[in-house]
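Heads up: the sequence shown begins at 89 in my numbering, then just goes up one per residue.
Glycine included, each C-beta is placed from N, C-alpha and C at the ideal position.
Following: one structure in structure tokens, then a few remarks.
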Amino acid sequence: MTTLPLLSSNPATRTGAGVGRAVAVPRHLADLDLAGRRHAVAALGEKEFRAGQLSNHYFGRLVRDPAEMTDIPAAARDRLAAELLPRLLTPVKELSCDGGTTRKTLWRLHDGAQVESVLMGYRDRVTVCVSSQAGCGMGCPFCATGQGGLTRNLSTAEIVDQVVWFAGEAAKGMGPDCPARLSHVVFMGMGEPLANYNRVLDAVRRLITPAPEGLGLSQRHITVSTVGLVPAIERLAAEDLALTLALSLHAPDDDLRDELVPVNQRWKVAEVLESAWSYAARTGRRVSIEYALIRDVNDQPWRADLLGRLLAGKLAHVNLIPLNPTPGSRWDASPKPVEREFLRRVRAAGVAATVRDTRGREIDGACGQLAASQNGPQLPGNELSRVSGRGRKAEQ
Ligand code: SF4
Numbered sequence: 089m090t091t092l093p094l095l096s097s098n099p100a101t102r103t104g105a106g107v108g109r110a111v112a113v114p115r116h117l118a119d120l121d122l123a124g125r126r127h128a129v130a131a132l133g134e135k136e137f138r139a140g141q142l143s144n145h146y147f148g149r150l151v152r153d154p155a156e157m158t159d160i161p162a163a164a165r166d167r168l169a170a171e172l173l174p175r176l177l178t179p180v181k182e183l184s185c186d187g188g189t190t191r192k193t194l195w196r197l198h199d200g201a202q203v204e205s206v207l208m209g210y211r212d213r214v215t216v217c218v219s220s221q222a223g224c225g226m227g228c229p230f231c232a233t234g235q236g237g238l239t240r241n242l243s244t245a246e247i248v249d250q251v252v253w254f255a256g257e258a259a260k261g262m263g264p265d266c267p268a269r270l271s272h273v274v275f276m277g278m279g280e281p282l283a284n285y286n287r288v289l290d291a292v293r294r295l296i297t298p299a300p301e302g303l304g305l306s307q308r309h310i311t312v313s314t315v316g317l318v319p320a321i322e323r324l325a326a327e328d329l330a331l332t333l334a335l336s337l338h339a340p341d342d343d344l345r346d347e348l349v350p351v352n353q354r355w356k357v358a359e360v361l362e363s364a365w366s367y368a369a370r371t372g373r374r375v376s377i378e379y380a381l382i383r384d385v386n387d388q389p390w391r392a393d394l395l396g397r398l399l400a401g402k403l404a405h406v407n408l409i410p411l412n413p414t415p416g417s418r419w420d421a422s423p424k425p426v427e428r429e430f431l432r433r434v435r436a437a438g439v440a441a442t443v444r445d446t447r448g449r450e451i452d453g454a455c456g457q458l459a460a461s462q463n464g465p466q467l468p469g470n471e472l473s474r475v476s477g478r479g480r481k482a483e484q
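Below, the structure is given as structure tokens:
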């Protein structure tokens with residue numbers, strides 16, 4: 089695996105300080121492919137086919153309570169569940185709004201680290217936004233998660249379990265206007281997914297493989313976002329997957345992007361866009377360009393024009409994201425007339441662009457905001473806005 093750079097300069101965050109000593113994440117069946125699960129089951133002295141039964145309960149029936157696995161003998165089921173279905177996520181706080189069609193959960197992991205996921209129900213689909221890391225080392229100054237630094241990468245199963253949990257919730261029904269089936273996954277919660285490349289890709293494979301091995305979602309319904317780790321984008325393009333790539337651009341010029349998205353100091357706008365176009369060419373998938381509009385920072389008409397020129401003729405769609413400011417923050421959302429003018433100018437260049445919906449704001453909808461509000465206002469650098477450009481779904 090390519091070692092990707094992490095920009096956190098806070099050594100405490102890199103060692104996971106505040107969450108105790110590093111403890112291995114318990115093994116879970118979602119960490120393994122079906123062959124690996126058969127091997128693990130056999131090593132426990134059970135018949136290999138039990139791996140398929142256990143997997144079918146977890147991925148196919150969305151059941152994790154051993155008492156409901158009545159096709160497995162009671163003695164074996166408790167042991168298998170203890171060894172291969174350990175509890176990875178404990179809900180700490182659950183909030184909902186929009187009549188229950190937007191639901192956010194703050195999870196505590198086995199070592200005390202915390203991550204968030206958001207479930208969003210629409211007329212035509214149900215989307216879950218998942219975290220790939222506890223914290224984030226990318227250091228974007230306008231993001232709550234970025235201010236806390238990186239605690240650790242999530243395991244494959246910790247990522248998958250967020251999706252499977254919410255698939256179970258979606259199956260119970262989110263309301264009369266939402267399908268009762270989770271269909272879309274966006275990697276736009278806490279963390280930079282491509283900085284946890286192998287585990288994220290393993291998780292994607294579990295999500296797209298049919299039951300009992302996996303959840304059987306469509307590749308096209310999975311969006312992986314990145315701030316622009318160019319070697320990882322190139323690697324993703326070569327995976328032969330039809331995932332949607334969302335690039336968090338936030339500025340069309342290097343001067344500003346160096347500040348807003350510090351990884352730009354390593355891979356400049358031209359280089360990161362080039363890798364995005366290569367991804368689009370290789371996969372045939374339209375790249376989603378994420379742009380959080382910040383008042384008087386990146387919302388000037390000339391930047392809209394420049395963005396339009398950079399993207400014109402490319403397989404791209406711009407998501408303009410109204411910033412979700414925190415009281416006292418120096419970052420603020422662009423006024424609506426400015427937002428409208430920005431949108432108009434990007435479209436005038438022939439580029440598809442929309443303003444992302446703002447559902448979930450009252451429950452701290454952007455990534456890192458729930459953890460920030462749960463942990464109080466003492467996050468390092470938290471005089472900055474508790475806002476992320478990547479906490480909401482990509483409109484596809
Ligand atoms: S915006 Fe995303 S990449 Fe940047 S610090 Fe926040 S979570 Fe990390």
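| field | Pair within 9 Å by beta-carbon distance, L333 and T297 | value | no
| Hey, would you say Q250 sits closer than 9 Å to V218, going by beta carbons? | yes
| task | Identify which residue in L348, E156, R435 has its Cα closest to the Cα of P389. | result | R435
| Going straight from the alpha carbon of L399 to that of V439, what length do you get? | 7 Å
| message | For P566 and L242, I'd like the C-alpha separation in whole angstroms. | response | With the chain covering only 89 through 484, there is no way to say anything about residue 566.
| On the three-state DSSP scale, how would you describe E280? | coil
| message | If the criterion is Cβ atoms closer than 9 Å, does the pair V357 and A339 meet it? | response | yes
| query | V274 and V214: beta carbons closer than 9 Å? | reply | no
| request: Tell whether a beta-carbon distance below 9 Å holds between L270 and L207. | output: yes
| task | Out of D153, P179, K402, state which residue places its alpha-carbon closest to the alpha-carbon of R167. | result | D153
| So W195 is in the beta strand (DSSP E); what residue range does that whole segment cover? | 190–196
| field | DSSP-derived helix/strand/coil call for V113 | value | coil
| said: Would you call the region 188–205 in contact with the region 274–288, where contact means no fewer than 3 C-beta pairs closer than 8 Å? | reply: yes
| Runs of alpha helix (DSSP H) lying entirely within the region 325–404, each at least 4 residues, in chain order | 342–348, 357–371, 389–399
| Minimum C-alpha distance to N412 - residue among E429, L122, D445 | D445
| Can you tell me whether DSSP reads L238 as helix, strand or coil? | strand
| request: Return yes when the C-beta of C224 is under 8 Å from any heavy atom of the ligand SF4, and no when it is not. | output: yes
| said: According to DSSP, is E257 part of a helix, a strand, or is it coil? | reply: helix
| query | Hey, quick one: how far does the alpha helix (DSSP H) through S143 stretch, first residue to last? | reply | 137–143
| task | Determine, using beta carbons only, whether L331 and I377 come nearer to each other than 9 Å. | result | no
| query | Which first and last residues belong to the alpha helix (DSSP H) in which G316 is found? | reply | Note, G316: premise wrong, no alpha helix (DSSP H); not H, not E.
| query | Of the choices G263, G140, A162, whose alpha-carbon is the least far from that of S184? | reply | G263
| query | So is the beta-carbon of E347 under 8 Å away from any non-hydrogen atom of the ligand SF4? | reply | no
| said: Only counting the same chain, and skipping five residues up and downstream in sequence, which positions put a Cβ closer than 7 Å to that of V247? | reply: Val is not the amino acid found at residue 247; the sequence shown has Ile there. Around I247: V218, S220, R287, V288, A291.
| request: Could you work out which residue in A380, E134, F147 is closest to L120 when comparing CA atoms only? | output: F147
| Which two residues bound the contiguous alpha helix (DSSP H) that contains L295? | 285–296
| query | Any heavy atom of the ligand SF4 closer than 8 Å to the Cβ of S336? | reply | yes
| message | Measuring only from the beta carbon, is Q208 closer than 8 Å to any heavy atom that is part of the ligand SF4? | response | The sequence given here has Met at residue 208, not Gln. Because no heavy atom of the ligand SF4 lies under 8 Å away, the Cβ of M208 does not count as near it: no.
| request: State the DSSP-derived secondary structure class of A421, mapped to helix, strand or coil. | output: strand
| query | Quick one: Cα of E347 to Cα of I321, how far? | reply | 21 Å
| field | Integer Cβ distance of A259 from A268, believed to fall under 8 Å | value | 6 Å
| query | Apart from the five residues on each side of it in sequence, which residues of its chain come closer than 6 Å, Cβ to Cβ, to T91? | reply | Caution applies to T91, whose pLDDT of 28 falls short of 50 and renders its modelled position unreliable; the value that the coordinates give is listed next. For T91, where only same-chain residues beyond five positions count, there are no Cβ hits under 6 Å.
| task | Give a single yes or no on whether T193 has its beta carbon closer than 8 Å to a heavy atom of the ligand SF4. | result | no
| query | Cβ-heavy atom distance between T233 and the ligand SF4 below 8 Å? | reply | yes
| query | Is the beta carbon of E204 within less than 8 Å of some heavy atom of the ligand SF4? | reply | no
| query | Looking at the unbroken beta strand (DSSP E) that takes in G209, where does it start and where does it end? | reply | 202–209
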